[in-house]
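Below you'll find the structure, written out as C-alpha cells, and then a few comments.
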Amino acid sequence: MARDKKFVKFKGRLVIVGFGSIGQGILPLILRHIDLKPSQITIVTAEAEGDDEARTLRTRFVIEPLTEQNYVSVLDPLIEAGDFLLNVSVEVSSLALAAFCREKGALYLDTCIEPWPGGYTDRNLTPSLRSNYALREKALAMRAASPGGPTALLTHGANPGLVQHFLKVALLDLAKVTGINAPAPKGRAEWAALAETLGVKVIHIAERDTQVSRNPKRPGEFVNTWSVDGFVAEGMQPAELGWGTHERHFPTDGGRHDFGCGAAIYLNRPGAATRVRSWTPLEGPYHGFLITHSEAISIADYLTVREGDKTRYRPTVHYAYHPCDGAVLSLHEIAGKNFQVQESKRLIVDEIDHGLDELGVLLLGHPKGAYWYGSRLSVEEARRLVRFNNATSLQVTITALAGMIWAMENPEAGIVEADEIDHERILEICRPYLGEVSGHYSDWTPLLDRERLFEEDLDRGDPWQFKNFRVI
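Following our numbering, the numbering of the sequence shown begins with -1 at its first residue and continues without gaps.
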C-alpha cells in the first residue's frame, strides 16, 4: 500500500475528543489516509498535552474538559449532520456521545465504552453494574430502541477491535488445515457454527508488551506504553470473561448477571489483581492479567449457538494481558496500597529503548491444539511507519483509522460492533502497519509443566475447564 494512499474523501468536519497517546498517534494517520484538510479537524481535550503537535499539523485545538453537564453545549456548535466524532477520551460517556451524534446525524467511533467519572469504581453500584457487560448491554438497548441510522462503530481499537478481525482469520485458517471445506461465513450464525464445528473451547486475547524505557519506573509512579488513566480504570473494574458451555466448575467468587445476553460472568475482584495463564509465540507461557475488555463479552456472544431457549455452544473468552514490565511494577505497587493510584504518571513513547508488542488471539481446545494469530510489531518499526506512536499505540490507532474509513464508506449502518463488520476491509487497511502478521501452532496447554514444585488441586478430566488454569 502506498504511504500516501487516500482511502476515502470526507467533506464534513471531524471532531476528536481526547488527545492522549491514541489521539496524538492517530492524527497523522488521518491526514495521511483520509482526504480532508487540517482545517476540518477540531480537537477537544481536557489538557494541553499534544498542543504542539496540533499546531504543527494546523488543526484547531480546544482545551475544554467534557462533563455530563457541558458536553452538549461544547459539542453542539462543532457537530452537525454529515460530520464525524472520534472519541479517544477517558471518563467521558461513550454512550452519551454516541447518542448525541445520532441525534445530530453524525458518524461516531470509539475504542472502548467509557462511563462518566466513577462509573467503574462507585461502590454504590454492584460489581455487575460496574462491568463492561453492563455498558455493552446499554449500547445494545440503544440500538434496539433506534435501529439503523448514522453509523456508530463501538469499541474499535486494537482490542477490542483488531482482535475480532484476527479471530475470523484464525477460524478460517483452522478450517483449512482441518479439512473443513465450507464457504467463508457471511454472518453471525455461520461464524458461530464454524467455531462450534472446529471445537474451539477457549479464546484468549493473548498480548505481551516487551517495550522497555531507558528511564526506569520510580517509586510512586505509574508507567505505561498507552493511557495510564485508561489502563488503571479498566484494571479496577471487576475481572470479566465470556463463559463457555464446556465449563464445569464455576469460580468461587464468580457472579452472573441477571440481565442481558448472559454470555459473560464477572469475578468479585479487580482484573488487575487476577492473573491467568496464556501463551504467545515469542514469549511462550506467561502470566497475564485478566483485565476486563468488551471483546471478551462480544466474541462470546457473537459465537453463541442456541437451540430454542438453551445455549448449545459458546467458547470461554478472556483477555490475558502482560503489559510492559514498568506497568507490571506499577500495578504491583498500587495493589499493595489497596488500589490507591500513584500521583505521578508517565506515558513512555519517545523514551522507549527497545521492545515490541505481540498481540493476537489464541484458540484452544480444537484438534490442532493451540493456534495463535496476530501482530508482532517492534517499536523501531512503529516509529519508522508513523510518528507520535510506539508499538502498542500504533496497533490501536491504525485500527481506529480503519474503522473510521469503514464508517465513512458505510454511513447508515446504525450502531455496530467490531464483530459485525467486514474483517477483510479492516485488515486490508491495517496490515501494512502491524509488523509481522502470522499464525503459529503449539502443543501448549494450561496444564503444561504444572506441579513441578508442589502438588496442586487439578481436575484432569478436561484441560479446558476454568478451575484448572485461569484464576490463580
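For every residue, glycine included, the Cβ atom is placed at its ideal position computed from N, Cα and C.
Below 7 Å CB to CB, which residues in the same chain sit around Thr195 once its five sequence neighbours on both sides are set aside? Ile178
Pairwise C-alpha distance: Val200 and Ser436: 20 Å
Under 6 Å Cβ to Cβ from Leu361, same chain only, skipping five residues before and after it: list those, please. Ala168, Val198, Ile201, Tyr369
Which two residues bound the contiguous alpha helix (DSSP H) that contains Tyr131? 130 to 143
Along the chain, which unbroken stretches of the alpha helix (DSSP H) at least 4 residues long are found entirely within the stretch 176 to 223? 186 to 196
Give me the Cα-Cα distance between Ile263 and Ala237, rounded to the nearest whole angstrom. 9 Å
Span of the alpha helix (DSSP H) holding Val326? 323 to 334
Cα-Cα, which of Glu89, Asn130, Pro148, Gly48 is closest to Leu107? Pro148
Pick helix, strand or coil for Tyr69, following the three-state DSSP scheme. helix
What does the Cβ neighbour count give for Glu415, buried or exposed, with the cut at 16 atoms within 10 Å? buried
Touching by the beta-carbon criterion (3+ pairs, under 8 Å), the stretch 246 to 266 and the stretch 346 to 365: no
Any idea if His352 is buried or exposed, counting beta-carbon neighbours within 10 angstroms, 16 or more meaning buried? exposed
Are there any heavy atoms of the ligand FAD lying less than 6 Å away from the beta-carbon of Lys3, as far as the coordinates show? Judged by which ligands are present, the structure shown has none, so any question about the ligand FAD falls away.
Is it right to say Arg427 is buried, meaning 16 or more other beta carbons lie within 10 angstroms of its own, or is it exposed? Before going further, note that residue 427 is Ile rather than Arg in the sequence given. Answer is buried; the Cβ neighbour count reaches 16.
Helix, strand or coil: which one does DSSP assign to Phe59? strand
Where Arg128 and Gly233 are concerned, what is the direct C-alpha to C-alpha distance, given to the nearest angstrom? 12 Å
Is the stretch 146 to 163 touching the stretch 407 to 423, taking contact as three or more C-beta pairs under 8 Å? yes
Starting from the C-beta of Leu392, find all residues in its chain whose C-beta is less than 7 Å away, skip the five residues before and the five after it, and write them out in chain order. Gly23, Leu375, Ala380, Leu383, Val384, Tyr431
For Pro283, does the three-state DSSP call read helix, strand or coil? strand
With burial defined as no fewer than 16 other Cβ atoms inside 10 Å of the residue's Cβ, what is the status of Val70: buried or exposed? exposed
On a CA-only basis, which of Phe59, Phe98, Lys7 is nearest Glu78? Give me that one, please. Phe98
Let's see if you can read the secondary structure: which residues bound the alpha helix (DSSP H) around Arg100? 92 to 102
Quick check for students: name the residue ranges of the beta strand (DSSP E) that lie wholly in the stretch 397 to 443, counting only runs of 3 or more. 413 to 415, 434 to 440
Look at the alpha carbon of Gly16 and the alpha carbon of Trp224, and state the distance between them as a whole number of angstroms. 13 Å
Anyone know if the C-beta pair for Leu329 and Ser19 falls short of 7 Å? no
Take the Cβ of Pro214 as the centre, count every other Cβ of all protein chains shown within 10 Å, and call the residue buried at 16 or more, exposed below. exposed
Check the Cβ-Cβ distances between Glu454 and every residue of chain C, and say whether any is below 7 Å. Absent from the structure is chain C; it holds one protein chain and no more.
Is it true that the CB of Gly269 sits closer than 7 Å to the CB of Leu288? yes
Would Thr65 and Val86 qualify as a contact pair, given that the criterion is a beta-carbon distance under 7 Å? no
May I ask you to report which of helix, strand or coil DSSP gives Leu385? Residue 385 is actually Arg in this sequence, not Leu. Three-state result, Arg385: coil.
So, with DSSP's three-state summary, where would you put Ser373? strand
Going straight from the alpha carbon of Glu349 to that of Asp49, what length do you get? 19 Å
Using 10 angstroms around the beta-carbon of Pro145, count the other beta-carbons present and answer buried if the total reaches 16, otherwise exposed. exposed
Which residues in the same chain as His421 place their Cβ atom closer than 6 Å to its Cβ, once the five residues preceding and following it in sequence are excluded? His163, Lys166
Inter-residue Cα distance where the pair is Ser91 and Trp189: 31 Å
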